[in-house]
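Taking the working numbering, the leading residue of the sequence shown gets 161, the next gets one more, and so forth. Everything on this sheet refers to the single structure shown next.
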Amino acid sequence: MFMEGLNLTGGYGGADILKGCSLGVEKGEIAVIVGPNGAGKSTAMKAMLGMLDIREGSVMLDGEDITKLSPQDRIAKGVAFVPQTANVFTGMSVEENLEMGAFLRTDDFSGTMNEIYDLFPILREKRNQMARELSGGQRQQVAVGRALMTQPSVLMLDEPTAGVSPIVMDELFDRILEIREKDVAVLMVEQNARQALNIADRGYVLVTGENRFTDTGEALLANPEVRASFLGG
Ligand SMILES: Nc1ncnc2c1ncn2[C@@H]1O[C@H](COP(=O)(O)OP(=O)(O)OP(=O)(O)O)[C@@H](O)[C@H]1O
Ligand SMILES: [Mg+2]
161 MFMEGLNLTG GYGGADILKG CSLGVEKGEI AVIVGPNGAG KSTAMKAMLG MLDIREGSVM
221 LDGEDITKLS PQDRIAKGVA FVPQTANVFT GMSVEENLEM GAFLRTDDFS GTMNEIYDLF
281 PILREKRNQM ARELSGGQRQ QVAVGRALMT QPSVLMLDEP TAGVSPIVMD ELFDRILEIR
341 EKDVAVLMVE QNARQALNIA DRGYVLVTGE NRFTDTGEAL LANPEVRASF LGG
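Printed below as a string of structure tokens:
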């Protein structure tokens with residue numbers, strides 16, 4: 161797979177949170193991680209980015225073992241991450257937030273910024289407004305836009321639709337589908353499991369740091385066990 165975590169095992173110093181968890185995503189594909197609160201979904205993402213000391217297991221990117229690389233080095237290799245919380249600079253304008261996303265770039269990034277404004281037109285309109293003045297959904301667009309400023313090949317999103325209305329969620333998912341069309345590998349954690357699996361090429365159900373179910377989004381949605389336990393029937 162293009163980016164892959166294999167047998168990820170580790171935690172925050174105490175007991176292991178991830179217990180042999182494996183997940184991955186191909187380019188031009190959306191992979192979704194679902195599971196109950198505390199299952200280790202965010203922790204698995206941190207492990208992929210290199211923010212977690214794993215005791216066992218490995219992370220591969222395009223055939224290269226990147227397990228020992230720092231988060232900065234992974235970002236430089238084309239991995240972008242939008243965390244679950246505090247994912248925008250509220251005291252900066254929309255445009256300044258996007259510029260922050262381009263901090264690693266030494267080339268002209270105005271074209272990329274334009275693409276992001278095409279993807280999220282409301283951000284073009286509000287480019288000079290402070291991020292703190294935006295709605296929750298608009299802030300999430302800023303966060304995703306900022307991550308895209310590095311022109312990543314892998315985009316990791318931790319609950320991009322948290323706290324937004326169903327309509328805004330649908331719109332965000334439509335934009336994520338557009339990002340997939342650009343051959344980006346999208347790996348996301350979602351609390352809105354049913355809707356997320358609906359657009360997922362690949363889905364992972366994590367429970368207590370382990371893979372419980374792995375299949376296509378479609379197959380997971382059709383699986384009676386998955387439906388009963390994780391999708392509310
Ligand atoms: N920084 C941390 N230090 C110590 N323990 C942590 C830390 N972050 C998370 N944990 C623990 O790791 C476990 C998994 O947490 P994680 O945030 O990965 O779950 P999650 O599946 O993302 O949950 P949610 O759906 O609520 O976001 C939990 O038991 C949590 O208490
Ligand atoms: Mg989480």
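For glycine and all other residues, C-beta sits at the position ideal for the given N, C-alpha and C. Quantities reported herein were computed from a predicted structural model and do not represent experimental measurements.
What number of angstroms, rounded off, separates the C-alpha of residue i from the C-alpha of residue j?
i, j, result
"V314", "G223", "14 Å"
"L229", "N383", "37 Å"
"L221", "Y364", "19 Å"
"A204", "E370", "10 Å"
"G271", "A199", "39 Å"
"A345", "G238", "10 Å"
"G393", "R387", "5 Å"
"N274", "I327", "25 Å"
"G251", "A291", "7 Å"
"L294", "P312", "25 Å"
"V194", "E255", "32 Å"
"N352", "S253", "29 Å"
"Y172", "L178", "10 Å"
"N247", "F280", "17 Å"
What would DSSP say about residue i, mapped onto helix, strand or coil?
i, result
"V386", "helix"
"V254", "helix"
"R299", "helix"
"S218", "strand"
"Y172", "coil"
"N288", "coil"
"T374", "strand"
"G165", "strand"
From what residue to what residue does the beta strand (DSSP E) around residue i run?
i, result
"D176", "D176 to V185"
"M348", "A345 to V349"
Under a Cβ-count criterion, where at least 16 other Cβ atoms within 10 Å of its own Cβ denotes burial, should residue i be classed as buried or exposed?
i, result
"F162", "buried"
Quiz item: Taking the runs of the beta strand (DSSP E) that are 3 residues or longer, which of them lie wholly in the segment 301-341?
Solution: You should have 314-318.
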